[in-house]
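Student: Next up is a structure, given as structure tokens.
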Amino acid sequence: MAKIIGGITTSHIPAIGIAMDKGIEDTPYWKDFFAGYPPIREWLNKEQPDIAIVFYNDHGLEMFLDKKPTFAIGCAPQYENADEGWGIATIPPVTGETELSWHIINELVENDFDPTVCQDIKVDHGLTVPLSIMYPGRNYQHMKVIPVCINCERHPMPKPSRCFALGQAIGRAVESFEGDQKVVVFGTGGLSHQLDGERAGIINADFDIECMDKLVSDPEALTKYSIDDLVEIAGAQGVELNMWIAMRGCMLGDVEEVHRNYVAPISNTGAGTQLLLNK
Ligand code: DHB
Ligand code: FE
Numbered sequence: 001m002a003k004i005i006g007g008i009t010t011s012h013i014p015a016i017g018i019a020m021d022k023g024i025e026d027t028p029y030w031k032d033f034f035a036g037y038p039p040i041r042e043w044l045n046k047e048q049p050d051i052a053i054v055f056y057n058d059h060g061l062e063m064f065l066d067k068k069p070t071f072a073i074g075c076a077p078q079y080e081n082a083d084e085g086w087g088i089a090t091i092p093p094v095t096g097e098t099e100l101s102w103h104i105i106n107e108l109v110e111n112d113f114d115p116t117v118c119q120d121i122k123v124d125h126g127l128t129v130p131l132s133i134m135y136p137g138r139n140y141q142h143m144k145v146i147p148v149c150i151n152c153e154r155h156p157m158p159k160p161s162r163c164f165a166l167g168q169a170i171g172r173a174v175e176s177f178e179g180d181q182k183v184v185v186f187g188t189g190g191l192s193h194q195l196d197g198e199r200a201g202i203i204n205a206d207f208d209i210e211c212m213d214k215l216v217s218d219p220e221a222l223t224k225y226s227i228d229d230l231v232e233i234a235g236a237q238g239v240e241l242n243m244w245i246a247m248r249g250c251m252l253g254d255v256e257e258v259h260r261n262y263v264a265p266i267s268n269t270g271a272g273t274q275l276l277l278n279k
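At position 28 of the sequence shown (counting the first as 1) the number is 28 in the UniProt record's numbering, and the numbers step up by one without a gap.
Okay, structure coming up:
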């Protein structure tokens, strides 16, 4: 039985990748933000997970508004990145995973989720920035990654309750996979932010903290929100909370939070990170 050993949440702001490339992590603007990551890196180094399931959203590099799967999952041996226009460097390919990916795909379809199955996709900052921040120097290629993409850009978007259920279905699929792989699950993006329009720049730190609390103790409470609620309370891109909710669904049982950091604003975003372990 493959085993989920932990869940990690993190922002995916492109400026994080740029700051790491420039080596300015210790400057006043960034230091509190980057101080949140060494404990998670240490845990990853100690546990050495074989596979990372990464819930992310594609901001237009591969899936633009004209073709928008609600849920998509990769089953490729490798994922390329490309210039997506944020000024972040194009980075080395991410190593894929095929066997557990296909098992999850088969189990999802069997259990009434019907994701778009991707044998060839480019991955954007939504996936690459979280990996880069966990493995400085972009030293992530030993990790086999299963990308799970959730539409956060184009209405209609999946409800938080549906994303939680997707995570639960993936968590059960991992448990039913024959093998002894250690799996870590990433919920990326968020928290409150809006990048354009009249309310550009809004951040709701109280809501962000409440979400981080609820993610640990009462994730079902987060599934009560609608997409419209999230846009209203947390900004148009606050919908990226869905990836955190899906991650928490994967963990199935009770969890304990062993680490947390939250800084706002970072770029335009309430930037949180957590490490959750099953009790
Ligand atoms: C920012 C946040 C995002 O989620 C994103 O995809 C791009 C930029 C930001 O805060 O700058
Ligand atoms: Fe984003």
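Cβ coordinates follow ideal geometry from the N, Cα and C atoms, glycine included.
Which first and last residues belong to the alpha helix (DSSP H) in which E110 is found?
Tutor: E99 to E110 is the span of the alpha helix (DSSP H), which, as asked, contains E110.
Student: Return the CA-CA distance between C29 and A264, expressed in angstroms with no decimal places.
Tutor: Looking at the sequence shown, residue 29 is not Cys but Tyr. Looking at the two C-alpha atoms, the distance is approximately 11 angstroms.
Student: Is it the case that the segment 271 to 278 contacts the segment 190 to 210, given that we only count it when at least three CB pairs across the two stretches are under 8 angstroms?
Tutor: yes
Student: Tell me which residue opens and which closes the beta strand (DSSP E) that Q194 is part of.
Tutor: First-last for Q194: undefined, no H or E at that position.
Student: In whole angstroms, what separates the C-alpha of P36 from that of I53?
Tutor: Checking the sequence shown, residue 36 turns out to be Gly, not Pro. One C-alpha to the other measures close to 21 angstroms.
Student: With DSSP as the reference, label H125 as helix, strand or coil.
Tutor: H125 falls in the helix class under three-state DSSP.
Student: Pop quiz: A72 and C149 are said to be a contact at Cβ under 8 angstroms. What is the actual Cβ separation, rounded to whole angstroms?
Tutor: 4 angstroms
Student: Flag N57 as yes when its Cβ comes closer than 7 angstroms to any non-hydrogen atom of the ligand FE, and as no otherwise.
Tutor: Checking the Cβ of N57 against the ligand FE gives yes.
Student: Does R154 come out as helix, strand or coil in the three-state DSSP assignment?
Tutor: coil
Student: Is E153 near the ligand DHB, in the sense that its beta carbon is under 7 angstroms from a heavy atom of that ligand?
Tutor: no
Student: Exposed or buried, which one is D180 when buried takes at least 16 other CB atoms within 10 Å?
Tutor: exposed
Student: Taking only runs that begin and end inside the segment 230 to 265, name each unbroken alpha helix (DSSP H) of 4 or more residues, in chain order.
Tutor: 241 to 250
Student: Would L230 and V239 be called neighbours here (beta carbons separated by less than 8 angstroms)?
Tutor: yes
Student: Excluding the 5 residues flanking K31 on each side, which residues of the same chain have their C-beta closer than 8 angstroms to its C-beta?
Tutor: Closer than 8 angstroms at Cβ, skipping near neighbours: E25.
Student: What do you get for D213, buried or exposed, if any count of 16 or more other CB atoms within 10 angstroms of its CB means buried?
Tutor: Answer is exposed; the Cβ neighbour count stays below 16.
Student: Looking only at its chain, what residues have a beta carbon closer than 7 angstroms to the beta carbon of P126, apart from the 5 residues adjacent to it on each side?
Tutor: The question names Pro, yet the displayed sequence has Gly at residue 126. So the list reads H12, Y56, N57, D58, H59, T188 and G189, once near-sequence residues are dropped.
Student: Under the rule that 16 or more other beta-carbon atoms within 10 Å means buried, what is F164, buried or exposed?
Tutor: A residue is called buried when at least 16 other Cβ atoms come within 10 angstroms of its Cβ; F164 meets this threshold and is buried.
Student: Using the beta-carbon count (16 or more within 10 Å), is Q48 buried or exposed?
Tutor: exposed
Student: Using 8 angstroms as the threshold, is the segment 127 to 143 in touch with the segment 83 to 103, meaning 3 or more CB pairs across them?
Tutor: yes
Student: Looking at E240 and the ligand FE, is the gap between the Cβ and the nearest heavy atom below 7 angstroms?
Tutor: yes
Student: For N45, which of helix, strand or coil comes out of DSSP?
Tutor: helix
Student: Which same chain residues end up closer than 8 angstroms to C250 when comparing Cβ atoms and leaving out the 5 residues on each side of it in sequence?
Tutor: I4, G7, I53, G167, Q168, I170, G171, V174 and V185
Student: Whole alpha helix (DSSP H) runs in the segment 199 to 224 with 4 or more residues, listed along the chain?
Tutor: 205 to 217 and 219 to 222
Student: What does DSSP give as the partner residues of V183 in its beta bridges?
Tutor: I4 and I51
Student: Does the distance from the CB of A76 to the CB of I121 come in under 8 angstroms?
Tutor: yes
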